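A short worksheet on the structure shown next.
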Amino acid sequence: MASPSSAHCLWRALILIAMNQDNPVVGTQRVAGIVENATPMPIAPKAVSGRGLYYQYGIRLNDNALISVDGELDTPHTIGSEVSLERQHHKKGADTFRLLLD
Numbered sequence: 397m398a399s400p401s402s403a404h405c406l407w408r409a410l411i412l413i414a415m416n417q418d419n420p421v422v423g424t425q426r427v428a429g430i431v432e433n434a435t436p437m438p439i440a441p442k443a444v445s446g447r448g449l450y451y452q453y454g455i456r457l458n459d460n461a462l463i464s465v466d467g468e469l470d471t472p473h474t475i476g477s478e479v480s481l482e483r484q485h486h487k488k489g490a491d492t493f494r495l496l497l498d
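For what it's worth, the numbering used here labels the leading residue of the sequence shown as 397, then goes sequentially.
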């Protein structure tokens, strides 16, 4: 039997999958940006179940937009470093971003 935290994670993943089916990615583009800040997350690790520690980055894109992207602890990026991202354009017009491993 699954523990409550793993059951919660599974439920959350199923909700995200269902939401993405209604708003699929229709195009991608490789973009670059500069790391402006990095915050270890979650700020209160004991308050969160189902996900480990990670970084949340503030990244300034080349078009001057400031975005927020999550990244894993095993691949930290220093402030001022250039990073590559994948811009994912969704059917309903929203863009999401994903850090790429260089």
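A virtual CB, placed ideally from N, CA and C, is assigned to each residue, including glycine.
Nothing here was measured: the structure is a model prediction, and the numbers come from that model.
Give the straight-line distance between the Cα atoms of residue i and residue j, rounded to the nearest whole angstrom.
{"i": "L481", "j": "G489", "result": "18 Å"}
{"i": "G423", "j": "Y453", "result": "23 Å"}
{"i": "H473", "j": "V431", "result": "7 Å"}
{"i": "D418", "j": "T492", "result": "15 Å"}
{"i": "T435", "j": "V465", "result": "11 Å"}
{"i": "K487", "j": "A428", "result": "23 Å"}
{"i": "R494", "j": "H485", "result": "11 Å"}
{"i": "G448", "j": "T471", "result": "14 Å"}
{"i": "V421", "j": "D459", "result": "21 Å"}
{"i": "L457", "j": "M437", "result": "22 Å"}
Determine the burial state of residue i: buried for a count of at least 16 other Cβ atoms within 10 Å of its Cβ, exposed for fewer.
{"i": "G476", "result": "exposed"}
{"i": "V479", "result": "buried"}
{"i": "G467", "result": "buried"}
{"i": "L496", "result": "exposed"}
What is the C-beta distance between residue i and residue j, in whole angstroms, given that I count them as a contact (C-beta under 8 Å)?
{"i": "L469", "j": "Y450", "result": "6 Å"}
Suppose the cutoff is 6 Å on Cβ atoms and the five residues either side in sequence are ignored; what does the same chain contact list for residue i look like?
{"i": "N433", "result": "G454"}
{"i": "Q425", "result": "R483"}
{"i": "D498", "result": "S480"}
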